[in-house]
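Each remark here refers to the structure printed beneath this line.
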Amino acid sequence: MPPSSTSRQDPAVAPCPLQAGKGQVEVVVVDDRETPLSGVAVELAQGTADEALRTRTDEHGVALFEGLEEGRYRFRLLDVEPALWRVLGRLPLPPRAAGAAPRWGSVSRPKPLSWTCEGTESLAVLAAKLGVRPSRLIDASTGQPLTPEVAPAPGTRVEVLPFSHEWTTVETGFRHVVHRIGLPLSLVVVLRDGTHHPRAHQPYLLKVWLDDEEELPAREGMTDAEGRMAQVLPARAARGEVTVSPGRDDERKVTLRFAALRATSAPEGLQERLENLGFSCGGERGQFGPKTRLAVEWFQYALGLPPSGEADEATCAALGLLHRS
């Protein structure tokens, strides 16, 4: 007997309520090491309409937008220069239950980015804080670009050259992997011996710890003819240890602290740079005492400057350029 048109469908063959990611957009934000980034602000907008959804990535670097009409949307990372992020690719979403309809708000407007310097921030550190490239930073009072080799003086108001937020297109039913490009910091150290001669062509071993105490794989290298060691550091690098000529009779270990230093005009900034370059201030901090003056004399002598022991303009400029912070 043929089935009646009013007969009910067998629940055993009823359609599954799960859909293959339809009406959903998932974004995974990762850093340069493909590690998920949490707390990243993201925004999804409808076509050309002035409506958007905003959220932040969770502890797994994931931001999920649900209850969407199927189709394409505009997407962007907020508070990040467009040149510093990109979509790496996408994968189909697995079957999931449909989510509730979202509550749309207005598209966010770019906020002017600025920072008042305390005298301890290098240009690279400021750029990392503000989510832009160092070349986009200007002195708010003059409108002029800042000098990369010199930390801005305390009280300097730094602004970011305006840029239009760029969007990319994402599609429902897919997981999109977004690369948040980091702003690496350059570590350049000139290694010298007890008589301040360059330790040229010497093997070294560099260990780096992040701000959460994670230790990165050790790096091996060789100093150049000037005794210079150059490495690229992640923005979260907090401290390091350099072993010069490991395993040899002249082995030496140097402990490094990665931080934005005070300006060279401040005694602390002067002393920190002298210490890092191998000119000991004898433990003096915050005061220009006799031991700091002697360290300045040795620094001036090594660079061919008149060894007056005074931190004059030429000495501070040379120290800032040599230290590059």
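Here the sequence shown is numbered in the numbering used here, starting from 2 and rising by one per residue. Using N, Cα and C, we set each Cβ at its ideal position, and we do this for glycine too. If you're wondering where the values come from, they're calculated on a predicted model, not measured in any experiment.
Quick check on DSSP: helix, strand or coil for residue i?
i      : result
Ser136 : helix
Gln288 : coil
Ala128 : helix
Thr58  : coil
Phe300 : helix
Ala99  : coil
For residue i and residue j, which I take to be in contact (beta-carbon distance under 8 Å), what is that distance rounded to the nearest angstrom?
i      : j      : result
Leu192 : Gln232 : Actually they do not touch by this definition, with Cβ atoms about 13 Å apart.
Glu242 : Thr256 : 6 Å
Gly24  : Gly62  : Not really, about 22 Å apart at Cβ, beyond 8 Å.
Leu162 : Ile139 : 6 Å
Ala141 : Val159 : 6 Å
His324 : Arg286 : No, His324 and Arg286 are not in contact; Cβ-Cβ is about 17 Å, not under 8 Å.
Ala226 : Lys208 : Not confirmed; about 25 Å, so no contact.
Does the beta-carbon of residue i have 16 or more other beta-carbons within 10 angstroms, so that it is buried, or is it exposed?
i      : result
Pro307 : exposed
His202 : exposed
Gln272 : buried
Ala321 : Looking at the sequence shown, residue 321 is not Ala but Gly. Looking at its Cβ environment, which holds 16 or more other Cβ atoms inside 10 Å, Gly321 is buried.
Asp11  : Reliability fails at Asp11, whose pLDDT of 46 lies under 50, so the model's placement of it is uncertain and the value that follows must be treated cautiously. Burial call: exposed.
Pro111 : exposed
How big is the Cα-Cα spacing for residue i and residue j?
i      : j      : result
Glu60  : Thr244 : 36 Å
Glu128 : Thr265 : The question names Glu, but residue 128 in the sequence shown is Ala. C-alpha separation (whole angstroms): 20 Å.
Pro199 : Pro247 : 17 Å
Arg97  : Trp210 : 40 Å
Pro4   : Thr36  : With a pLDDT of 44 at Pro4, under the threshold of 50, the modelled position of that residue is not reliable, and no figure is offered here.
Glu298 : Cys282 : 11 Å
Ala239 : Glu216 : 10 Å
Gly279 : Cys118 : 28 Å
Pro304 : Ala318 : According to the sequence as given, residue 304 is Leu; it is not Pro. Answer to the nearest angstrom: the Cα atoms are 12 Å apart.
Asp80  : Arg229 : 36 Å
Exercise. Hey, is the segment 171-180 in contact with the segment 86-104, meaning 3+ C-beta pairs nearer than 8 Å?
Worked result: yes
Exercise. Counting Cβ pairs, one atom from each stretch, are 3 or more of them under 8 Å apart for the segment 40-56 and the segment 104-114?
Worked result: yes
Problem set entry | Stretch-stretch touch, CB-based, cutoff 8 Å, three pairs: the segment 33-48 with the segment 74-88 | yes
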